[in-house]
Ligand code: DC
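In this note's numbering, the protein residues as written are 59 to 283.
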């Protein structure tokens, strides 16, 4: 069944600018924004709350099926993750939870548990979903598929700048090492690895600014109407 408004899939590695691109795109189109990485982060955080080791695949998978995960939107459309009725959106953003989210996202049972939530959020279209496997697994029939890339060095530079802009200290070399480790883990896992769908448009944003990337995406949306 065709949708009245498209599903827009934005995939790519850590720090490539998916979140910002997806947020601006959703604002301009007045679409819903779904941050799928937040769900994996939520599982990692909830496991830590309960004293479940991230190495314990069985317990982590069981937990992922029991959690109540939902989003509430901020005024600018940014999704905030609520876990079991509590806003945990800020706590899921630490480097520790980033690494743990990458670890638990490699468990097939966790991916299965989170698939239904992602599909139900996007089913009716008029939605921008950002993640790693939206165009390949979650919505292989998405009307628009954009896969963003940028060099690891440029992604580390952007992330460090972002942290500094928010008044935090940032060690760019350490961020680069974390980005490389996460790239490796996310793209070499056997299930739903990070890779572009065959019909995705691949855009290298290393030397593009945000507006240029958004314009590319808007052109793809116009082309599918
Ligand atoms: O986008 P993010 O950095 O918040 O994602 C955190 C981790 O979750 C990432 O390292 C891999 C995993 N992830 C995934 O496996 N599939 C997705 N669709 C989104 C995120």
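Think of the CB as a built atom: it goes at the ideal place given N, C-alpha and C, for glycine as much as any other residue.
Counted within 10 angstroms of its Cβ, other Cβ atoms place residue i as buried (16 or more) or exposed
i, result
"residue 100", "buried"
"residue 242", "exposed"
"residue 280", "exposed"
"residue 208", "buried"
"residue 189", "buried"
"residue 213", "buried"
Test item: CB-CB of residue i and residue j under 7 Å
i, j, result
"residue 126", "residue 107", "no"
"residue 205", "residue 113", "no"
"residue 183", "residue 63", "yes"
"residue 103", "residue 275", "no"
"residue 73", "residue 217", "yes"
"residue 234", "residue 228", "no"
"residue 90", "residue 185", "yes"
"residue 167", "residue 119", "yes"
Assumed close pair residue i, residue j - CB separation to whole angstroms, cut-off 8 Å
i, j, result
"residue 249", "residue 151", "Going by Cβ atoms, the distance from residue 249 to residue 151 rounds to 25 Å, so no, they are not a contact pair."
"residue 65", "residue 261", "Contact doesn't hold; Cβ gap of about 18 Å is too wide."
Proximity test, residue i beta-carbon vs ligand 1 heavy atom, cut-off 6 Å
i, result
"residue 98", "yes"
"residue 106", "no"
"residue 62", "no"
"residue 94", "yes"
"residue 244", "yes"
"residue 220", "no"
"residue 163", "yes"
"residue 178", "no"
"residue 239", "no"
"residue 170", "no"
Same chain, Cβ closer than 7 Å to residue i, neighbours up to 5 away in sequence not counted
i, result
"residue 322", "Any answer about residue 322 is impossible in this case: the structure gives the chain only from 59 up to 283."
Contact set for residue i: own chain, Cβ-Cβ below 6 Å, skip 5 residues either direction
i, result
"residue 161", "112"
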